Amino acid sequence: MAPMRDDPAPAAARLLETAACIGRLLQGELRRRATELGLQLVHLQALAYLARANRYSDTAIALTEYLGTSKGTVSQSLQLLLREGLIWRTTDEKDRRVIHLGLTARGRKALNALGFLSEWNAALAALPPDEIAAADEAMTGALRKLQRRTGNLTFGVCRSCDHFRIEGADAFRCALTGEPLSAQDSALICREHRLATVQELRARARLASARRR
Ligand code: SF4
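Under this note's numbering, the first residue of the sequence shown carries the number 24, and numbering increases by one thereafter.
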């Protein structure tokens, strides 16, 4: 007789609850640090987003989608960040209707001073690397399936996108727009991101590590 397998339903529910708890905990920590700086959580979230958004995603509308909040809240937050000299804004050279946003040196300094992911990195440093890799694989697979089922966007990192193509050592291309991407672009987040398969992500990681040798 085949051995009985544990019912995956409770583990799946626990996984979701754990992911939500991690999100709440890190958000609480970020809120505390924002208060110390005389800012609100949404201001820091906007700074953290704009520090990593690529050229297709560094706009007020993309930030509104990312935060899942109202246009009014985002507009007020951006006005405050502009007044404080923490962000800049500039009109797109090709399409004058598009306004790009980014962090000033002062904004970047404020964000760096927060040690944005220091608690998370310290917590994970205590775990064995193979456990982290297994958790990464499970969560990546679940996220990809969820994205396919719901059709919702994930604002993921470019190099993990289905549309990301490697053309050389430091030469990449977006198959969606056809435009070249730099190594720096590949580390930014994008509103058009569609998560690649776990197998594809593994193959890219192997290629990157072979190139580093
Ligand atoms: S490859 Fe994906 S994440 Fe990167 S720019 Fe293209 S659509 Fe955006």
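The beta-carbon is built from N, C-alpha and C at its ideal position, and this holds for glycine as well.
Note that the structure is a prediction, hence the values are computed from the model and not measured.
Nearest-angstrom Cα separation, counted from residue j out to residue i
i: L237; j: L109; result: Residue 237 is absent from the model: the chain starts at 24 and stops at 236.
i: R10; j: A192; result: For residue 10 there is no data in the structure shown, the boundaries of the chain being 24 and 236.
i: Q102; j: A83; result: 11 Å
i: L137; j: R56; result: 7 Å
i: L147; j: T41; result: 14 Å
i: R225; j: R182; result: 12 Å
i: V97; j: R54; result: 17 Å
i: L48; j: V65; result: 16 Å
Buried or exposed (CB count within 10 angstroms, at least 16 for buried), residue i
i: T177; result: buried
i: C44; result: exposed
i: S209; result: buried
i: N175; result: exposed
i: Q68; result: buried
i: G130; result: buried
i: I155; result: exposed
i: S141; result: exposed
i: S205; result: exposed
i: A133; result: buried
CB contact check: residue i to chain B, cutoff 8 Å
i: L86; result: Here chain B cannot be found, since the structure has a single protein chain.
Nearest to residue i (by Cα), restricted to the options the options
i: A35; options: P152, D81, A158; result: A158
With a cut-off of 8 Å, do at least 3 Cβ pairs link the stretch 181 to 190 to the stretch 214 to 229?
yes
Taking only runs of the alpha helix (DSSP H) that begin and end inside the stretch 89 to 175, which ones reach a length of at least 4 residues, in chain order?
94 to 106, 128 to 137, 141 to 148, 152 to 173
Enumerate, from N- to C-terminal direction, the unbroken alpha helix (DSSP H) stretches of 4 or more residues contained entirely within the stretch 194 to 224.
206 to 209
Taking contact to mean 3 or more Cβ pairs, one atom from each stretch, closer than 8 Å, check whether the stretch 58 to 74 and the stretch 85 to 97 are in contact.
yes
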